[in-house]
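Residue numbers (our numbering): 10 to 386. For each residue, glycine too, the CB sits at the ideal point set by N, CA and C.
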């Protein structure tokens with residue numbers, strides 16, 4: 010009989026990555042109350058995302074490669090040394106690394122030599138408009154040393170096997186799992202029946218230009234419709250599209266802290282995800298947490314997450330007319346969008362689902378531990 014699991018989740022990004030790390034930790038705690046779980050994460054991650062029994066180790070972690078952040082990059086060797094020391098002292102039986110980080114090559118190989126390791130990798134390629142000059146460096150240690158690689162869709166598994174030349178049996182498909190504890194912060198529902206929300210980091214691949222080109226069609230049919238844009242990133246390329254529609258726009262161009270997030274999702278009628286291309290998205294499971302229907306695009310693994318006609322609507326990428334039509338359908342039919350939102354919640358967070366995912370994760374962890382024990386023997 011195996012000893013109780015001691016699971017260390019290493020996740021050095023804030024935002025959606027922190028919600029994913031919390032979702033992993035919480036699911037495992039729900040499935041195996043005897044398991045010990047710790048998360049090694051940025052200091053500004055909201056502790057209440059996590060089950061109270063999850064131990065948190067928090068650090069000042071650089072979040073991006075830029076001239077503004079160069080001071081933080083200088084501290085990476087000290088950060089890597091501290092994390093490695095504290096993680097080894099905690100003595101996990103399994104290490105689950107979430108996504109790549111520029112510090113990982115400094116310490117993950119040494120950790121993986123001593124601790125069976127599983128990694129979740131969310132993207133196979135950089136997205137349209139993103140600059141990721143050191144992406145391969147960030148994930149190389151994870152690809153080399155992880156006993157299993159988790160991806161969030163069958164489409165992503167096919168891509169991972171082909172592009173990274175991985176054996177198919179090393180790649181596991183799990184749905185995106187997010188912390189549902191944010192639902193507790195939301196307060197009473199206060200839906201604006203005319204509000205469309207675009208939430209998250211602003212990058213070219215997210216399709217903001219398509220959304221802005223769809224907006225005039227929507228306002229023509231639904232004059233009180235409005236678009237809320239909430240997220241960090243440059244808006245410069247879309248300035249000309251903003252000008253005629255300022256009265257129908259609400260823009261929060263900054264990183265949205267966890268505690269503010271529920272207010273945006275509670276207030277909107279529908280969530281827009283007009284991505285030009287994608288791997289998967291953390292926006293859809295957050296929308297589901299608040300029982301909101303989404304309009305997404307048929308790209309990447311999004312069609313695996315959004316059940317067309319059941320939990321949301323799907324359109325082709327880069328088609329403003331189709332996007333406007335789908336959004337108007339949901340804005341014009343409150344019962345339809347609420348029915349879709351409820352179904353999305355039930356599929357993501359219904360009775361037994363989180364526990365079942367936790368059980369799957371624990372079985373995977375135990376398999377990796379057994380494999381390592383046999384190999385060492």
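For the structure I just gave you, are there three or more beta carbon pairs, one from the segment 266-285 and one from the segment 211-226, closer than 8 Å?
Yes, since at least three Cβ pairs between the segment 266-285 and the segment 211-226 fall closer than 8 Å, the two stretches touch.
Report the residue from 244, 278, 266 whose alpha carbon sits nearest the alpha carbon of residue 236.
Residue 236 has its Cα closest to that of 278, out of 244, 278, 266.
Pull up the distance between the alpha-carbon of residue 130 and that of residue 107, whole angstroms please.
Roughly 7 Å between the two C-alpha positions.
Just how far apart, CA to CA, sit residue 360 and residue 370?
Straight-line measurement puts the Cα of residue 370 at about 18 Å from the Cα of residue 360.
The alpha helix (DSSP H) spanning residue 85 covers which residue range?
Annotation for residue 85: the continuous alpha helix (DSSP H) segment containing it runs 85-99.
Per DSSP, what kind of secondary structure is residue 220 in: helix, strand or coil?
Here residue 220 sits in helix by DSSP.
Hey, how far is the Cα of residue 227 from the Cα of residue 338?
Their backbone Cα atoms lie some 10 Å apart in a straight line.
Short Cβ contact (7 Å threshold) for residue 210 with residue 162
For residue 210 and residue 162, no; Cβs fall outside 7 Å.
Please go through the same chain and pick out, in chain order, the residues whose beta-carbon is closer than 7 Å to the beta-carbon of residue 115, but skip the five residues on each side of it.
Once the five neighbours on either side are set aside, the close Cβ partners of residue 115 are 85, 86, 89.
DSSP three-state call for residue 334: helix, strand or coil?
Residue 334: helix per DSSP, three-state reduction.
Can you give me the Cβ contacts of residue 333 inside the same chain, cut-off strictly under 6 Å, excluding the 5 residues immediately before and after it?
Taken in chain order, the residues that qualify are 223, 226, 227.
With 16 other Cβ atoms within 10 Å as the buried cut-off, status of residue 262:
With fewer than 16 other CB atoms across the displayed protein chains lying within 10 angstroms of its CB, residue 262 is exposed.
Determine the direct distance from the alpha carbon of residue 68 to that of residue 23, and round the result to whole angstroms.
For residue 23 and residue 68, the distance between alpha carbons rounds to 11 Å.
Secondary structure at residue 253, three-state DSSP: helix, strand or coil?
Note: residue 253 maps to helix in three-state DSSP.
Excluding the 5 residues flanking residue 182 on each side, which residues of the same chain have their C-beta closer than 7 Å to its C-beta?
Answer for residue 182: 160, 162, 163, 166, listed in chain order.
Apply the 10 Å Cβ neighbour rule to residue 305 and answer buried if 16 or more other Cβ atoms are within range, or exposed otherwise.
By the neighbour-count criterion, in which 16 or more other beta carbons inside 10 Å mark a residue as buried, residue 305 falls on the buried side.
Rounded to whole angstroms, what is the Cα-Cα separation between residue 202 and residue 60?
Distance between the alpha carbons of residue 202 and residue 60 is about 33 Å.
Enumerate in chain order the residues of its own chain whose CB-to-CB distance from residue 15 is below 7 Å, with the five nearest sequence positions on each side excluded.
Listed in chain order, the non-local C-beta contacts of residue 15 below 7 Å within the same chain comprise 45, 100, 101, 102, local neighbours out to five positions each way being set aside.
Is residue 37 closer than 7 Å to residue 367 when the C-beta atoms are compared?
Cβ distance < 7 Å, so residue 367 and residue 37 count as in contact.
Quick one: measure Cβ to Cβ for residue 157 and residue 377, integer angstroms, because I've assumed they're closer than 8 Å.
Their Cβ separation, rounded to whole angstroms, is 6 Å, which keeps residue 157 and residue 377 in contact under 8 Å.
Alpha helix (DSSP H) segment containing residue 346, residue limits:
Unbroken alpha helix (DSSP H) run through residue 346: 343-358.
Inter-residue Cα distance where the pair is residue 76 and residue 83:
Its pLDDT being 48, under 50, residue 76 is placed unreliably by the model, and nothing is read from it.
Comparing C-alpha positions only, which one of 132, 133, 149, 93 sits nearest to residue 124?
Of 132, 133, 149, 93, the residue nearest in Cα terms is 93.
Residues that DSSP places opposite residue 107 in a beta bridge
DSSP output for residue 107 lists 129 as bridge partner(s).
So, with DSSP's three-state summary, where would you put residue 305?
When secondary structure is reduced to three states using DSSP, residue 305 falls in the strand class.
Closest by C-alpha distance to residue 267, when choosing among 295, 146, 70:
When only C-alpha atoms are compared, the closest one is 295.
When the distance is taken between beta carbons, is residue 335 closer than 7 Å to residue 345?
Cβ atoms of residue 345 and residue 335: not closer than 7 Å.
Simplified DSSP assignment, three categories, for residue 191:
The three-state reading of DSSP puts residue 191 in helix, counting H, G and I together.
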